[in-house]
Amino acid sequence: MSYYKFEEDDLFINTIEAYPEYRFYTQSGSIYINSTPHLSGANTDHITGVPKGFISLYEYNIDRPSGNDIYPFIEKDGHRVSLKTRAKTSYNTSLLFGETDNGSYNLSASISRYYVNSSDRPRVLALKNVLNEYAIHSPHYQYSSSFGDKNSQIINLISIPSIMYGSRIKKGSVSLKYYVSGSLVGELQDKNYNGELVQVGPEGSTGSGSVAGVCLYREGFMVLTGSWDLDSNSIETDTTGPSKWIHFNYGANDGSTIGTTTLSASFAMEYKGTTHTQVLTMFAHAPYGELNHSNNPTYYDSTDTQGISSGSLQYIEQPKKIKNIVHSQFLDEEPTFTKTTYISKIALYDDEKNLIGIAKVATPVRKTEEKQYTFKLKLDI
Amino acid sequence: MAESFYKSLDIGKDVVATRTLLHEAIPLTGTIVSGTYGTDNIKNYAHGMFQSVYDYPYLSSSANHIFDITAGVSADSAIYSSVSNQQSKKLNIYNQMAQVLVGYDHTGSIQRFDEDGDVLAGGSKLDDVIFLNFARLLTKDEIKKGTFALTLGATQAYATPFTDRILIQDTSGSDGYLVNSPVGEYGILYATNAAGTRLNGNDQKCGLIFYQAGVCALTSSIFQSQLSSSAYMNSSNEDMEAVLTGSNIEAASDALRHRIYNLQFNNTVELNSSVYFCRVNHNEFNYSTNPTYLSGSKIRVKTQSSDLPVSYITTVGLYNDNNELLATAKLSEPLKKSSDTEFTIRVRLDY
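Protein chains in written order, with this note's numbering: chain A, 5 to 385; chain B, 364 to 714.
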């Protein structure tokens, strides 16, 4: 085994930007994420072990019988490290040293909707600075302007956890669709790439071309204020009456009551997220005339008995014969010996020669003295 | 950050590296391994060298791989010459596992699994072995020593295997583990009666558990000579020896799964942390350059000239030698700082 040092040109880092698509379909209080059905298992109502319409963070406990979940635990010791879910006071008073603090892996996430129609609106107020900051992109962001005062308007706030979009929602990818009895009555898109959610369909519909709200791309919020009638049918949502954008996604984890006519409304929300993955690329070289010897026991001819000579002052092992593995078409002829190794792994070491990673090739690569290779190693970081 | 005040950390006094052990409890009931999903969560391969067990039907993207089962027979085994089905594969499996887990002797020969781990002393060897290779997803950095517990059905009848049960544990694991393996530490598995009295005496050595590798090597004799009478391992009432000689590895894996009543262990993850003790002396950080700190050229939090200057610490920034910001630590709530108070803020960085 030989150590080689990476040169400056052998290492580089680049970033892969990906745009994963997400689709949420909401109907009568049920949310379907990326068209995944709600699967009931043999032991649980939903196989992922989290409520329907939620994603499971770890997906560890799939259809586990009751009391058989995999769970993390930590022993309270001098480090005083606890699980995130353990309150500080409880950790200090209820948990003794040496006791275990148990957690759970059934952590979940989903979209939430907040219908804000009162003056008590802490969630909206918390976004005031952010909304005003983005006013340079569109005046519709402005917390208070001629387009409306978000301190008093009825607001439909849809919150998306960052696990469902990454670092930001991709501009121009947002589409909100409002269906009544299966027919599209309104569609919003951020077609101007500036966060304005503009009604683009159906063609000729009421409010077409109007801005019904804004999207906070980095923060993962849709702030909907459009209150015009999209359809004349009376539907039980936040209020009983015609469909409006302020009622969009009714039933999406908002604690709403599902009425008989609510069932005819359904909602689709689509967008693309943005993720960044840093990739470290390493070039490992196997030069001419090097890496042609192995310490693997099978490298030697097993039929060759190793000679030793010993005396009162010495013990000398004679060199062992290397097995000739050069292929020959003839059974009765020993081919000319050539040192041959097969490279099966490349190990990565730190500057103190601690092994920190191993890269394996799919099939061993034959290496002779007159061949040289460059292996390209990629590591997502 | 409002105030750009850099304070150097004393590497010897203010920076400490710590290691915390986080564990997970992994219960794998027999109903997962053999029962609830029939064979939908069992994956067999055309090469026939091992069988994979999932926690849910493996065609589902939600399924997690939990372990593989395979069987190996040493060339020195008493039954080796009788093996008529997949003989070379069973030998190769044994040799492959042995060379990785036990290593070579001074002649370059593969060493066999040793019953008590004392390889140099000789003693009994494990020549007919069933291997359980646990997924890294479950074992993480290592299986926690002293927590491995495998309950097997030991009743002779194949149809009702769990009337009598034996419990296999690494009872000496927490302090009596061995280190003479190329893949790290390992413990000896001992079998005791859990229900009924089928064992020929309690605390019988019946295999090895390799903690970091996440491999359990179980001797086939636990179903045979170590019981008062051999257990029937398939519906043809064959014992384990007959299964290993006359059937393939898949059948041997099925036979073991049929008798797994419960399997559980805890794993360990090492969390490495650096702790930075950021010391705030009484005469430091009492002012802020935050624009909101001043109102009409006066300190907002100071109403009389005799009042002490006050600031609120919200964030600690960690910088490198070139004063480039590397990380910020946020306090859960602002900390009131005045010239009559001192703090040491403990910043922990996990990696």
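From the three backbone atoms N, C-alpha and C, an ideal C-beta is built for every residue, glycine too.
| Query | Result |
| --- | --- |
| Under 7 angstroms from the C-beta of A:I67: neighbouring residues of chain B | According to the sequence as given, residue 67 of chain A is Asp; it is not Ile. Result: Y419. |
| Closer than 7 angstroms to chain B by CB, A:F77 | yes |
| Cβ shell of A:T279 (< 6 angstroms), same chain only, five flanking positions each side left out | A22 and G170 |
| Buried or exposed (CB count within 10 angstroms, at least 16 for buried), B:A576 | buried |
| Beta-carbon gap between B:L590 and B:A580 smaller than 7 angstroms | no |
| Those residues which DSSP pairs with A:F379 across a bridge | A:A288 |
| A:Y95 - containing alpha helix (DSSP H), residue span | K92 to T97 |
| Under 9 angstroms from the C-beta of B:L385: neighbouring residues of chain A | P76, F77, I78, V85 and L87 |
| Beta carbon of B:S701 nearer than 7 angstroms to that of B:V673 | yes |
| DSSP three-state assignment for B:E705, whether helix, strand or coil | coil |
| A:S112, DSSP secondary structure in three states | strand |
| Unbroken stretches of the alpha helix (DSSP H), 4 residues or longer, contained in the segment 388-421 of chain B | 393-396 |
| Residues of the segment 449-476 of chain B whose Cβ lies closer than 7 angstroms to any Cβ of chain A, in chain order | Y467 and G471 |
| Sequence-distant residues of its chain with Cβ nearer than 8 angstroms to B:Y417 (five each side left out) | N404, I405, K406, A426, N427, H428 and I429 |
| Same chain only: Cβ atoms within 6 angstroms of B:L689, ignoring 5 sequence neighbours per side | L681 and N683 |
| Nearest residue (CA-CA) to B:T723, options B:Y595, B:N565, B:S598 and B:E604 | Given a span of 364 to 714 for chain B in the structure shown, any question on residue 723 of chain B remains unanswerable. |
| Whole-angstrom distance between B:S599 and A:S268, CA atom to CA atom | 59 angstroms |
| Contact check, A:A272 vs A:Y29, beta carbons under 7 angstroms | yes |
| Contacts that A:I51 makes with chain B (C-beta to C-beta distance below 7 angstroms) | Y419 and S425 |
| Other residues of its chain near A:I262: CB distance less than 7 angstroms, five sequence neighbours each side excluded | S32, G33 and G255 |
| Contact set between the segment 601-612 of chain B and chain A, restricted to residues whose Cβ is under 9 angstroms from the partner | none |
| Buried versus exposed, by CB contacts within 10 Å (16 or more), A:E337 | exposed |
| For B:D527, the nearest candidate out of B:A517, B:D533, B:T534 and B:S535 (CA to CA) | B:A517 |
| Buried or exposed (CB count within 10 angstroms, at least 16 for buried), B:Q667 | exposed |
| Per-residue contacts from B:A388 into chain A (C-beta, under 7 angstroms) | I74, Y75 and F77 |
| Contact list for the segment 506-536 of chain B against chain A, Cβ threshold 8 angstroms | none |
| At least 3 beta-carbon pairs within less than 8 angstroms: the segment 234-251 of chain A vs the segment 176-188 of chain A | yes |
| Residue ranges of each alpha helix (DSSP H) within the segment 522-573 of chain B, 4 or longer | none |
| Residues that B:T707 contacts on chain A, provided the C-beta gap is smaller than 8 angstroms | What B:T707 touches in chain A: nothing, since even the nearest Cβ is about 15 angstroms away. |
| The segment 678-703 of chain B: positions lying closer than 7 angstroms to chain A by Cβ | none |
| Proximal residues to B:I623 (C-beta, below 6 angstroms), its chain only, five neighbours per side dropped | G393 and V396 |
| Buried/exposed call for A:D13, threshold 16 Cβ in 10 Å | exposed |
| Identity of the residue in A:I362, A:S348, A:L383 and A:F58 nearest A:Y377 by Cα | A:S348 |
| A:G259, buried or exposed, once every other Cβ within 10 Å from all chains shown has been counted against 16 | exposed |
| Alpha carbon of B:Q519 to alpha carbon of B:H410, nearest angstrom | 31 angstroms |
| Stretch-stretch touch, CB-based, cutoff 8 angstroms, three pairs: the segment 543-559 of chain B with the segment 461-480 of chain B | yes |
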